[in-house]
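**Student:**
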Amino acid sequence: MPHPPEHKLRWYQYKLSSLFILMTLVACACSWYAYEMNEAAKRRTAIEEIERLGGYAGYYYYDATGPDTLGEPPRRFSWLRKLHGDER
Numbered sequence: 476m477p478h479p480p481e482h483k484l485r486w487y488q489y490k491l492s493s494l495f496i497l498m499t500l501v502a503c504a505c506s507w508y509a510y511e512m513n514e515a516a517k518r519r520t521a522i523e524e525i526e527r528l529g530g531y532a533g534y535y536y537y538d539a540t541g542p543d544t545l546g547e548p549p550r551r552f553s554w555l556r557k558l559h560g561d562e563r
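Under this note's numbering, read the sequence shown as residues 476 to 563, first letter to last.
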């Protein structure tokens with residue numbers, strides 16, 4: 476009895492396991508993004524409240540070499556800050 480021909484995937488076809496891995500990676504990226512946006516909103520709300528009460532608040536940025544005394548925002552993820560606006 477001859478063996479049935481093996482089914483080869485065409486270039487536009489994918490396996491279900493590949494789709495699962497892709498969806499997991501996309502979900503991780505989206506959850507990281509949502510977490511960062513939530514943390515930024517919390518910081519922004521806290522600073523607005525402090526300033527409303529007459530205080531002063533600012534951001535103290537860190538980089539790989541330690542705290543930045545000039546208070547300049549980090550260059551990392553600058554495209555993301557441009558997209559959603561700088562907090563300060």
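Where a beta carbon is used, it is the ideal one built from N, C-alpha and C, also for glycine. Predicted, not measured: the structure shown is a model, and the values here were computed from it.
How about residue 532 and residue 522: are their beta carbons less than 8 Å apart?
**Tutor:** Their beta carbons are under 8 Å apart, which means residue 532 touches residue 522 by this criterion.
**Student:** Compute the Euclidean distance between the alpha carbons of residue 485 and residue 505, then round it to the nearest angstrom.
**Tutor:** Each residue's alpha carbon lies about 30 Å from the other.
**Student:** Kindly indicate which three-state DSSP category residue 507 falls into: helix, strand or coil?
**Tutor:** Of the three classes helix, strand and coil, the one that applies to residue 507 here is helix, per DSSP.
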